[in-house]
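Novice: Residue numbers (my numbering): 361 to 805. Quick one: structure below, then a few questions.
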């Protein structure tokens with residue numbers, strides 16, 4: 361029998377995959393997640409009993425597995441997903457954090473939230489309807505957020521008699537579209553979330569398909585977010601000054617390493633001041649170590665007594681980012697109130713928050729056909745567009761393509777603290793991957 365200690369050790373040795381589900385309304389996202397949890401035996405008995413009771417109350421003979429993730433009362437009554445539902449589960453091969461995101465156009469911002477930290481996105485398509493507008497929108501958002509792996513789950517194959525030509529046509533259309541956006545890896549899987557075909561167990565109804573099931577792919581896909589292999593970035597969160605008899609002159613800088621690794625003896629630069637020093641000590645979980653890497657939380661001491669405070673960034677001198685007060689980025693607008701040219705905002709980047717002003721909104725992206733609407737003047741809820749922001753103080757921003765952690769930021773309303781937009785510094789996917797397609801098809805970029 362596996363002991364709790366043994367199980368803990370087993371799970372701690374497995375890798376973690378963050379993934380998000382997306383797709384149009386009624387394509388079966390919540391049912392797929394429920395089927396994954398149910399068939400992988402990742403739900404508790406009382407949870408299943410509650411779902412069975414709720415299903416019977418609604419006149420359904422079989423348990424509606426979508427209820428495992430649709431937690432809001434409005435979601436259950438309407439049979440739709442409104443909020444992002446996060447679920448945690450594990451198999452013997454890997455641990456998972458999944459985000460079940462809404463399908464409605466007005467909740468595109470929720471999909472942005474769920475996919476922003478994902479290494480994989482599962483985009484569902486109803487086999488009867490094929491690729492629709494919202495499918496293309498979610499594929500574009502995944503590409504914009506640089507999600508490295510995309511799975512096309514062609515759902516409800518049981519309603520098209522498990523026909524291979526139906527699956528092949530949808531897979532070909534979606535793969536061509538996603539590849540044109542620059543998505544590096546696309547895997548198409550025919551499934552029936554309701555019946556369980558190719559979700560956890562291989563389907564006996566689709567012997568023409570020889571690829572992995574959804575769970576098998578999730579367990580084996582390479583996790584490419586090697587934060588430890590990136591350039592080191594250490595945003596200072598807190599300055600520790602005990603000033604006790606035992607430590608009269610101690611000054612430590614605490615925070616979470618955003619990427620890369622820090623080493624004792626390494627020459628570092630503190631930004632935005634540009635002052636340099638050398639790491640003399642690293643404390644991790646109360647123990648002195650010679651090296652620490654992302655995403656560990658550590659305390660760092662330096663050889664020189666520098667003026668460092670929350671919001672400063674410590675980076676190796678040989679690979680420190682440049683500072684700037686002029687930020688060009690793609691933003692996903694998430695607030696109900698619009699973002700306008702001339703608006704004063706707060707910009708939050710890692711642990712640093714500075715005053716800023718929106719100088720220009722050059723374009724708004726139309727996700728339906730990937731065209732750019734020039735000079736829209738404002739961005740409203742769920743819009744994605746390019747912005748130019750001037751900050752009151754310098755920021756040490758990386759390009760989002762180089763680091764999703766230190767290349768992202770938030771725009772905040774200074775009046776009430778409302779998050780207005782999520783930003784990705786540097787070029788958007790449209791400026792790179794889609795350029796050739798735009799030239800060929802006459803789209804206006």
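The C-beta atom is built at its ideal place from N, Cα and C for all residues, glycine as well.
Give me the Cα-Cα distance between residue 437 and residue 786, rounded to the nearest whole angstrom.
Specialist: Caution applies to residue 437, whose pLDDT of 41 falls short of 50 and renders its modelled position unreliable; the value that the coordinates give is listed next. Taking the straight line from one Cα to the other gives about 42 angstroms.
Novice: Leaving out five residues on either side along the sequence, give the residues of the same chain with a beta carbon under 7 angstroms from the beta carbon of residue 439.
Specialist: Caution is warranted here: a pLDDT of 42 is assigned to residue 439, below 50, making its placement in the model unreliable, and the coordinate value is therefore given only provisionally. Cβ neighbours of residue 439 beyond the five flanking positions: none.
Novice: Do the segment 737-756 and the segment 707-727 make contact, defined as three or more Cβ pairs closer than 8 angstroms?
Specialist: yes
Novice: Determine the DSSP secondary structure at residue 394, reduced to helix, strand or coil.
Specialist: helix
Novice: Looking at residue 778 and residue 772, is the spacing between their C-beta atoms short of 8 angstroms?
Specialist: Cβ distance < 8 angstroms, so residue 772 and residue 778 count as in contact.
Novice: Would you mind reading off the limits of the alpha helix (DSSP H) that contains residue 540?
Specialist: 524-540
Novice: Please list the segments of the alpha helix (DSSP H) lying wholly inside the segment 600-654, counting only runs of 4 or more residues, in order along the chain.
Specialist: If we require 4 residues or more, the segment 600-654 turns out to have no alpha helix (DSSP H) run fully inside it.
Novice: Use the C-beta contact count for residue 783: other C-beta atoms within 10 angstroms, 16 or more gives buried, fewer gives exposed.
Specialist: By the neighbour-count rule (16 or more Cβ atoms within 10 Å), residue 783 is buried.
Novice: Are the beta-carbon atoms belonging to residue 652 and residue 644 less than 8 angstroms from one another?
Specialist: yes
Novice: Using beta-carbon positions only, say whether residue 700 and residue 706 come within less than 8 angstroms of one another.
Specialist: no
Novice: DSSP three-state label for residue 400, please.
Specialist: coil
Novice: With distances taken Cα to Cα, identify the nearest neighbour of residue 496 among 530, 689 and 680.
Specialist: Out of 530, 689 and 680, 530 has the C-alpha closest to the C-alpha of residue 496.
Novice: Looking at residue 452: is its Cβ nearer than 8 angstroms to the Cβ of residue 378?
Specialist: In this structure, residue 378 does not lie closer than 8 angstroms to residue 452 by Cβ.
Novice: Quick check: what's the CA-CA separation for residue 718 versus residue 757?
Specialist: 17 angstroms
Novice: Residue 561 lies in the beta strand (DSSP E); which residues open and close that run?
Specialist: Membership of residue 561 in any beta strand (DSSP E) is not indicated, and neither H nor E is assigned to it by DSSP.
Novice: For residue 515, list the residues DSSP reports as bridge partners.
Specialist: Bridge partners of residue 515 according to DSSP: 486.
Novice: Spatial neighbours of residue 556 within its chain, please: C-beta separation below 7 angstroms, excluding the five flanking residues on both sides.
Specialist: 395 and 399
Novice: Since I believe residue 650 is in contact with residue 623 (beta carbons under 8 angstroms), could you give me their beta-carbon distance rounded to a whole number of angstroms?
Specialist: Between residue 623 and residue 650 a beta carbon distance of about 7 angstroms is seen, short of the 8 angstroms cut, so the two are scored as contacting.
Novice: Could you spell out where the alpha helix (DSSP H) holding residue 578 opens and where it closes?
Specialist: 574-580
Novice: Can you list, in chain order, the residues of its chain whose CB lies under 7 angstroms from that of residue 559, leaving out five sequence neighbours each side?
Specialist: 392, 395, 396, 399, 551, 553, 573, 574 and 575
Novice: Going by other Cβ atoms of all chains shown within 10 Å of its Cβ, with 16 needed for buried, is residue 536 buried or exposed?
Specialist: exposed
Novice: By DSSP's criteria, residue 460 is part of a beta bridge. Which residues make up the other side?
Specialist: Paired residue(s): 381 and 445.
Novice: Can you tell me whether residue 549 is buried or exposed, with buried defined as 16 or more other CB within 10 angstroms of its CB?
Specialist: buried
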